[in-house]
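Q:
Residue numbers (this note's numbering), protein chains in the order written: chain H, -14 to 118; chain G, 4 to 378.
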């Protein structure tokens, strides 16, 4: 049986806008994935804990507040602490190009900025899953 | 983590990753899950399994979040299985129940898992019953199952839960909704949520009237045998009628919280019906009393021996379903398909009738079974 891809869509930090995250959630759902949406204002601890309990293949985070350089790497750190190495982590939101190399260095597999076609995100996920499908 | 790293020991030790992975293995019916499930078997049977069901938007998730909070306050470890529907077209799903429960995400005494129905009808996912057994064996004191938003006949939850909480809200329709058969019949505890809204009192009255009428009509309701057994334990006549002054003279504490004497039905001063609790989940109002009723129901089940008989009936049902599933997968095999096609042709050509074909099929399956056991 084909494995269903499970994705946690999360909004870390304090910004209160999840329109983009919801668009992504629906696009992933329509691509046949199971999307666990955790809502606004999540701490990295909450995100990692939910990712573990839900046994997701992917964590997709969206930030518009500018706190990405702190929050994204913190999520990676916590995942590592818990020994979770088989989860693909991607980010999106309002993120300056200059910050992207640093985030990738911290382990964020890809960063999708405003205007990214949802098809690209879906394809990226399908191609880069860390667990065999 | 590799699937092979999942073990009963890790699940028992409260390792959320192992538990989560095992539930994923259950969801995709991975045969390698069976060894772990078998090893966990000895530790099960202790958790109180509570079902939360009701129409979409009734506030089931918010209510579940508040129940978890209250139960944690009582020192209990709680697991939640929250079910949402899969798209019948793409197979995708948005599992959003968790949004309301994220404050418990970092509490080690709470495990929350979202499941998509993956084509299963009835309000649950096929993985639900095995997932419940895992969480039970993992040592959670309460396992709460939140069903999908149900319509009028998704009643699978009664096959899994010890106690079913039926959540209703004001504004869903007229009083005829409360007297239809189906979902409204399955509650052990009734909850009218959003009780701060107009019409809440009316919903309470309608539910109570429905329950009272069922008792007065002598209907075989879900709660009838339990109430009778409890009356016998107390040594009074209960709903069977007759004087029950002994009961009325006892204090509320002795009667147990799970004892509701309605004043509505004249001439039946001691008519007993399941509790109907008003809540405002958003603010937490009424949550304590609701948990009291849920726990009182469990106590009543345990005191009367119905906990065991209800579980026995549910297991028997599930075993039957499991066997049927095996037969179905047997019929999926190529050889079986050939036999089926051959029989279909004979029926079409008026060679044999439909029922002879069924008998022939049954015989053929028994022969393969015998061959398999003697081999």
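C-beta: ideal position from N, C-alpha, C; glycine also.
What are the residues in the segment 25 to 44 of chain H lying within 7 Å of chain G by C-beta distance?
A: 27, 30, 31, 34, 35, 37, 38, 39 and 40
Q: Between the segment 128 to 142 of chain G and the segment 18 to 32 of chain G, do three or more beta carbon pairs fall short of 8 Å?
A: yes
Q: For the segment 6 to 21 of chain H and the segment 78 to 85 of chain G, state whether three or more C-beta atom pairs, one from each stretch, are separated by less than 8 Å.
A: no
Q: Which residue wins for smallest C-alpha separation from residue 15 of chain G, given the options G/33, G/191, G/345 and G/43?
A: Taking the second chain and counting its residues from 1, the one referred to as residue 15 of chain G is at position 12. When only C-alpha atoms are compared, the closest one is G/43.
Q: Spell out the partners DSSP gives residue 377 of chain G in its beta bridges.
A: Position 374 of the second chain, counted from the start, is the residue given in the question as residue 377 of chain G. DSSP output for residue 377 of chain G lists no bridge partner at all.
Q: List the residues of chain G whose Cβ lies closer than 9 Å to the Cβ of residue 10 of chain H, in chain order.
A: If you number the first chain from 1, residue 10 of chain H lands on position 25. 97 and 99, listed in chain order.
Q: Decide if the segment 6 to 14 of chain G is in contact with the segment 99 to 111 of chain H; the criterion is three or more beta carbon pairs, one per stretch, under 8 Å apart.
A: Flag = no, the segment 6 to 14 of chain G and the segment 99 to 111 of chain H do not touch.
Q: Would you call residue 333 of chain G buried or exposed, if buried means 16 or more other Cβ atoms sit within 10 Å of its Cβ?
A: Along the second chain, one-based indexing puts residue 333 of chain G at 330. It counts as exposed.
Q: For the segment 70 to 87 of chain H, enumerate the residues whose C-beta is nearer than 7 Å to any C-beta of chain G, in chain order.
A: Within the segment 70 to 87 of chain H, those residues whose Cβ lies closer than 7 Å to any Cβ of chain G are, in chain order, 71.
Q: Please determine if the segment 47 to 64 of chain G and the segment 146 to 160 of chain G are in contact, where contact requires at least 3 C-beta pairs separated by less than 8 Å.
A: yes
Q: With H, G and I counted as helix, E and B as strand and the rest as coil, what does DSSP make of residue 51 of chain G?
A: Here residue 51 of chain G refers to the residue found at position 48 when the second chain is read from its first residue. Three-state DSSP puts residue 51 of chain G in a strand.
Q: Measure the CB-CB distance between residue 59 of chain H and residue 102 of chain H and report whether it falls below 7 Å.
A: The sequence position of residue 59 of chain H within the first chain is 74, counting from 1. The sequence position of residue 102 of chain H within the first chain is 117, counting from 1. With contacts defined as CB atoms closer than 7 Å, residue 59 of chain H and residue 102 of chain H fail to qualify as a contacting pair.
Q: How big is the Cα-Cα spacing for residue 102 of chain G and residue 46 of chain H?
A: As a working mapping, residue 102 of chain G is identified with position 99 in the second chain. As a working mapping, residue 46 of chain H is identified with position 61 in the first chain. The alpha-carbon atoms of residue 102 of chain G and residue 46 of chain H are separated by roughly 15 Å.
Q: Listed in chain order, which residues of the segment 98 to 125 of chain G have Cβ atoms closer than 7 Å to some Cβ of chain H?
A: The residues in question are 98, 99, 101, 102, 105, 108, 109, 114, 115, 116, 117 and 119.
Q: Our contact map puts residue 19 of chain G next to residue 143 of chain G with C-beta atoms below 8 Å; I'd like the distance itself, whole angstroms only.
A: Along the second chain, read from residue 1 onward, the residue named residue 19 of chain G stands at position 16. Along the second chain, read from residue 1 onward, the residue named residue 143 of chain G stands at position 140. Residue 19 of chain G to residue 143 of chain G, Cβ: 11 Å. No contact.
Q: Could you have a look at residue 13 of chain G and say whether DSSP puts it in helix, strand or coil?
A: On the second chain, position 10 is the one that residue 13 of chain G refers to. Residue 13 of chain G falls in the helix class under three-state DSSP.
Q: Counting only C-beta atoms, is residue 24 of chain G closer than 7 Å to chain H at any point?
A: One-based indexing of the second chain puts residue 24 of chain G at position 21. Chain H places a beta carbon closer than 7 Å to that of residue 24 of chain G, counting this residue as a contact.
Q: If we count the other Cβ atoms within 10 Å of its Cβ and call it buried at 16 or more, is residue 376 of chain G buried or exposed?
A: Residue mapping note: residue 376 of chain G aligns to position 373 of the second chain, counting from 1. Exposed, because fewer than 16 other Cβ atoms sit within 10 Å of the Cβ of residue 376 of chain G.
Q: With respect to the beta strand (DSSP E) encompassing residue 115 of chain G, which residues constitute its N-terminal and C-terminal limits?
A: Translated into positions along the second chain, residue 115 of chain G becomes position 112. Where residue 115 of chain G is concerned, the enclosing beta strand (DSSP E) stretches over 113 to 119.
Q: In the DSSP assignment, what residue or residues form a beta bridge with residue 73 of chain H?
A: Reading the first chain from its first residue, position 88 is the one you call residue 73 of chain H. Looking at the DSSP assignment, residue 73 of chain H forms a beta bridge with H/43.
Q: So is residue 315 of chain G buried or exposed if we call it buried at 16+ other beta carbons inside 10 Å?
A: To locate residue 315 of chain G, count along the second chain from 1; it is residue 312. Around the beta carbon of residue 315 of chain G, a 10 Å sphere encloses fewer than 16 other beta carbons of the protein chains shown; the residue is thus reported as exposed.
Q: Grab the span of the alpha helix (DSSP H) containing residue 109 of chain H for me, first residue to last.
A: Your numbering for residue 109 of chain H matches position 124 in the first chain. Unbroken alpha helix (DSSP H) run through residue 109 of chain H: 103 to 113.
Q: To the nearest angstrom, how far is it from the Cα of residue 95 of chain H to the Cα of residue 303 of chain G?
A: Position 110 of the first chain, counted from the start, is the residue given in the question as residue 95 of chain H. Position 300 of the second chain, counted from the start, is the residue given in the question as residue 303 of chain G. Note on geometry: alpha-carbon atoms of residue 95 of chain H and residue 303 of chain G lie some 55 Å from one another.
Q: Give me the DSSP bridge partner(s) of residue 166 of chain G.
A: Along the second chain, one-based indexing puts residue 166 of chain G at 163. The partner list for residue 166 of chain G (beta bridge, DSSP) reads G/53.
Q: Below 6 Å, is the gap between the Cβ of residue 138 of chain G and the nearest heavy atom of the ligand NAD?
A: This structure lacks the ligand NAD, and indeed carries no ligand of any kind.
Q: Would you be able to state if there are at least three C-beta pairs under 8 Å between the segment 187 to 196 of chain G and the segment 287 to 302 of chain G?
A: Yes, the segment 287 to 302 of chain G touches the segment 187 to 196 of chain G.
Q: Does any CB atom of chain G fall closer than 7 Å to the CB of residue 19 of chain H?
A: For the purposes of this step, residue 19 of chain H is taken as the residue at position 34 of the first chain. Interface residue, yes.
Q: Which class does residue 93 of chain H belong to by DSSP, given the choice of helix, strand or coil?
A: Residue numbering aside, residue 93 of chain H sits at position 108 when the first chain is read from its first letter. Reduced to three states, the DSSP call for residue 93 of chain H is coil.
Q: Of all the options G/69, G/21, G/104 and G/68, which has the alpha carbon lying nearest to the alpha carbon of residue 31 of chain H?
A: Residue numbering aside, residue 31 of chain H sits at position 46 when the first chain is read from its first letter. It is G/104.
Q: Count the C-beta pairs between the segment 111 to 128 of chain G and the segment 158 to 168 of chain G that are closer than 8 Å, then say yes if the count reaches three, no if not.
A: The answer is yes - the segment 158 to 168 of chain G touches the segment 111 to 128 of chain G, with three or more Cβ pairs under 8 Å.
Q: To the nearest angstrom, report how far apart residue 320 of chain G and residue 309 of chain G are at their CA atoms.
A: Within the second chain, residue 320 of chain G is the residue found at index 317, counting from 1. Within the second chain, residue 309 of chain G is the residue found at index 306, counting from 1. The straight-line gap from Cα to Cα measures roughly 16 Å.
Q: What separation, rounded to the nearest whole angstrom, lies between the Cα atoms of residue 94 of chain G and residue 67 of chain H?
A: If you number the second chain from 1, residue 94 of chain G lands on position 91. If you number the first chain from 1, residue 67 of chain H lands on position 82. Cα to Cα, residue 94 of chain G sits roughly 30 Å from residue 67 of chain H.
Q: Roughly how many angstroms separate the alpha carbons of residue 99 of chain H and residue 313 of chain G, rounded to a whole number?
A: Within the first chain, numbered from 1, the residue matching residue 99 of chain H stands at position 114. Within the second chain, numbered from 1, the residue matching residue 313 of chain G stands at position 310. Here the C-alpha atom of residue 99 of chain H lies approximately 55 Å from the C-alpha atom of residue 313 of chain G.
Q: Less than 7 Å between CB atoms is the rule here; does residue 103 of chain H satisfy it with respect to chain G?
A: As a position in the first chain, residue 103 of chain H is number 118, starting the count at 1. Chain G, which has no Cβ nearer than 7 Å to the Cβ of residue 103 of chain H, makes this no.
Q: Using a C-beta to C-beta distance shorter than 7 Å, which residues of chain H count as neighbours of residue 36 of chain G?
A: Working through the second chain from its first residue, we reach residue 36 of chain G at position 33. Result: empty, since nearest Cβ-Cβ is about 13 Å, beyond 7 Å.
Q: State yes or no: is the C-beta of residue 38 of chain H within less than 7 Å of the C-beta of residue -5 of chain H?
A: Here residue 38 of chain H refers to the residue found at position 53 of the first chain. Here residue -5 of chain H refers to the residue found at position 10 of the first chain. Cβ distance not < 7 Å, so residue 38 of chain H and residue -5 of chain H don't count as in contact.
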